[in-house]
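There are 2 protein chains.
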Amino acid sequence: MTTNSEISLPGMKVSIIGASTTTFGELWDVSPRALAREVVIGAMKDAGIMPQDIGALFVGNMLSGMLGSQEHLGAFFAEELGFHGAAAFKIEGACASGSLALHNAVNAIISGQYETVAVLGVEKMTDHRPEDVATALMGAGSSQERAAGCTFPGLYAILARVHMQEYGTTREDLAAVAVKNHFHASLNPHSQFKKPITMEAVLRSHAVADPLTLLDCSPISDGAAALVLTSDKRQATRDKKPISIIASCVSTDSLGLAQRDSLTELKATKDAATRAYKIAALSVKDIDLIELHDCFTIAELLALEDLGVTKKGDAAGLLRRGAFTLGRAPHVVVNPSGGLKGCGHPIGATGVKQVVEIVEQLRGAAGARQVSGARVGLAHNVGGTGATAVVHILAR
Amino acid sequence: MTTNSEISLPGMKVSIIGASTTTFGELWDVSPRALAREVVIGAMKDAGIMPQDIGALFVGNMLSGMLGSQEHLGAFFAEELGFHGAAAFKIEGACASGSLALHNAVNAIISGQYETVAVLGVEKMTDHRPEDVATALMGAGSSQERAAGCTFPGLYAILARVHMQEYGTTREDLAAVAVKNHFHASLNPHSQFKKPITMEAVLRSHAVADPLTLLDCSPISDGAAALVLTSDKRQATRDKKPISIIASCVSTDSLGLAQRDSLTELKATKDAATRAYKIAALSVKDIDLIELHDCFTIAELLALEDLGVTKKGDAAGLLRRGAFTLGRAPHVVVNPSGGLKGCGHPIGATGVKQVVEIVEQLRGAAGARQVSGARVGLAHNVGGTGATAVVHILAR
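Residue numbers (the numbering used here), protein chains in the order written: chain A, 6 to 401; chain B, 6 to 401.
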């Protein structure tokens, strides 16, 4: 472990002093307002601060306009949460909306504009017809892909096929991701899916987009997650040990797959990760746990390789042998929360929940899914099929 | 004039080195991509930089999801503009989306995350049925107002009625705003409306929401505007004299009017302006020109008062006597671009265009509408009926 705890983003240290997530799932009886209240009040309580301490609110959300005809979510939730006169913003970047909200919050803290801010990721998806949700989600895709009738399962199936052809990745390798992440989810009280699943169950589940079956796909979910960030040393040292954000990096690529040089990597992930390791002055070997964007099982394989955890083509073999699972040292633990696959994927909430999970892990407060002695964690959030990628590195 | 050119936001100076706007209007033959290309390439050319110099793109837009089913606009436009690997975000806050994008860009520059960034405000409204646009715009309102069938003209008409009752403001006072701003628009080659209008024309135009007539209302518009910001002193001193952003402040209030203590002021505007004057270490008397959010004529009266240009109830009398018009010293010139009313109001573009106008004015490059000797300008952008307000102060 070569982590230098003094390393910080240029200019000023950003501490996470509050973190909270709802249980993800089909939350039929809860409104977006109630989801937001639960997590933001939870994160403020965790931080020991009051609404009047919040200078700005950064909301990560994708679908409220297309599905709920409600925009202006910054002011909407600032009012709901009693942040009178605070600045407020909605930040959108498809499935990466939550971590893009966090990135802008980090910048705002370092800039000195605000001392303490809240980040809220929230999405309510199950109130709408699945076909409407699928159509709305394609709002993140390229015009060509939308015109061709592509869906995200179909696009990730193409990535899976190419990976199989190029590296001999098998159907079972993909399924191993689902088995691992559902096992982790079974240990997480906030997860949408509570039971471990077998490889046989994945292989025998309904076909969605060949080679991906239902259990290769992350679910439609409702949920919210929130963080409180501060530059205030008094707040940051009050109670619990604060967690530092030591890198926050964003990169983009073409919206559509057809415009990419390679279909065996997500370039934006590689780019964001390379920059993040450099800013944090550490290497992937220093990371104890990773929450990565496994919207489909193939996405976890790609991310393991693009984040540099393994060489290209090597992730499948390791996964097959049980690596990246809790309690299977020496490998980094990947998606201890259960990931998008097992914990659920309420679009705008996902990127924030990943960081909430890392905060809990670095505090040693993750219960049955605790990664032993975790000191450094990495969160990786993707929009579309890799058009946006965001990497945060946190340290205690 | 007590402006101190050394004053800057905490930590670092933010310079605008490129600015560009399309002509606003009904642009039937132009796509959002083409609008974005025109202004971002224009702003980069103005700044003398290349796409590879851009570290991040901040897109202000409200309606692309609800009207165009396209989200993920950050990556969408980053690809279109050739910003390979740059960070990219969509920032939304209803009609204040453009200036909220600028605010987050300012924070990003000061934080040191990026050296040079682009801000793009863009909206394409005329491709859609007017009733769909009106419905989508109410996505910025409160649930109560939407359920009650309110429209923004109707809500601003309530504000106008209360102002008339409280301060004796007349129908003619409102109309004077339209007459002034259309006069200014007639001098602006980028404006949607090219001809001056008479008070009689305003009074005799179709009723929209009593007391507001058609010519009290800003139009449905297409358009885009872009800025290039930098912290890089080499870039900022290369060619043209750079313009400094010396304050960037955001405040929020309740979404709905029913939750407000007062209907004769927009509290968020007062709050954002008070903070901006303090950060810039100047008073409203130091401002040479203001671009303010005149989505309806009553909005200009409220803003003049809430920004502290006049006392409550005094703006109408001054307007009636021709104050705030070009060439009518000693008063500050208000909306020399023609404002939302005369220049047009493509939602997400408006807040950025206001700042483009101020940049042109402070450079002395505003042609027939030049405010003589302008050194300090203020931009004021509102979301909804004042749920979000943003104030930027710029100085040369």
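Beta carbons are placed, not taken as given, at the ideal position from N, Cα and C, and that holds for glycine.
Cα-Cα separation between T28(A) and S36(A), rounded to whole angstroms: 14 Å
C-alpha gap between T8(A) and Y282(A), whole angstroms: Because T8(A) sits at a pLDDT of 31, beneath the cut-off of 50, its placement in the model cannot be relied upon, and the point is left open.
Just to confirm the assignment, what range does the beta strand (DSSP E) spanning N386(B) have? 381 to 388
Going along the segment 90 to 108 of chain A in order, which residues come within less than 7 Å of chain B, judged by CB to CB distance? G90, A91, A92, A93, F94, K95, I96, E97, G98, A99, L105
Beta carbon proximity, T257(B) to chain A, threshold 8 Å: yes
Uninterrupted alpha helix (DSSP H) stretches inside the segment 247 to 327 of chain B (no shorter than 4 residues): 272 to 285, 302 to 311, 320 to 325
Using a Cβ-Cβ distance under 8 Å, would S116(B) count as near chain A? yes
Taking Cβ-Cβ distances shorter than 8 Å, what residues in chain A pair up with T393(B)? H77, G79, A80, A93
I12(B) - DSSP class collapsed to helix/strand/coil: Caution is warranted here: a pLDDT of 35 is assigned to I12(B), below 50, making its placement in the model unreliable, and the coordinate value is therefore given only provisionally. Coil.
Specify the secondary structure class of A41(B) as computed by DSSP and reduced to three states. helix
Compute the Euclidean distance between the alpha carbons of R166(A) and L179(A), then round it to the nearest angstrom. 11 Å
With three or more C-beta pairs closer than 8 Å as the rule, is the segment 346 to 366 of chain B touching the segment 80 to 93 of chain B? no
Does DSSP classify S20(A) as helix, strand or coil? strand
Name the residues in the segment 272 to 286 of chain B whose C-beta lies less than 8 Å from a C-beta of chain A; which are they? K272, A273, D276
Bridge-paired residues (DSSP) for D58(A): BP columns for D58(A) are empty, so no partner.
My output table needs one value for F94(A): the three-state DSSP class, helix, strand or coil. strand
Tell whether a beta-carbon distance below 8 Å holds between M481(A) and R151(A). One cannot answer for residue 481(A) here, as it falls past the ends of chain A, which runs 6 to 401.
Where D34(A) falls, given that 16 or more other Cβ within 10 Å makes a residue buried: exposed
Output, in sequence order along the chain, the residues in the segment 213 to 230 of chain B whose CB is closer than 8 Å to any CB in chain A. none
S74(B) touches chain A at which residues, Cβ-Cβ below 9 Å? M71, T140, A141, M143, G144, R151
Which whole runs of the alpha helix (DSSP H) in the segment 201 to 227 of chain A are 4 residues long or more, in chain order? 204 to 209
Per the DSSP calculation, A123(B) is bridged to which residue(s)? L62(B), V233(B)
Where S407(B) and L367(B) are concerned, what is the direct C-alpha to C-alpha distance, given to the nearest angstrom? As shown, chain B starts at 6 and ends at 401. That puts residue 407(B) outside it, with no answer to give.
Work out the CA separation of H189(B) and L220(B) for me, nearest whole Å. 15 Å
Measuring straight from C-alpha to C-alpha, what distance separates T393(B) and A162(A)? 42 Å
Please report the residue range of the beta strand (DSSP E) in which L367(B) lies. Unbroken run through L367(B) is the alpha helix (DSSP H), 352 to 367; no beta strand (DSSP E).
Between the segment 49 to 73 of chain A and chain B, which residues of the former have a C-beta closer than 7 Å to a C-beta of the latter? M67, G70, M71
What number of angstroms, rounded off, separates the C-alpha of A278(A) from the C-alpha of L40(B)? 32 Å
Extent of the continuous beta strand (DSSP E) to which T393(B) belongs: 393 to 400
According to DSSP, what are the bridge partners of T26(B)? A230(B)
In three-state terms, what does DSSP make of E76(B)? coil
Interface residues of chain B around E270(A) at Cβ under 9 Å? In chain order: nothing, as chain B lies at least about 13 Å away.
I need the straight-line Cα distance from G53(B) to V395(A), nearest angstrom please. 29 Å
From which residue to which residue does the alpha helix (DSSP H) around A162(B) run? 157 to 172
So, helix, strand or coil for V376(B), using DSSP? coil
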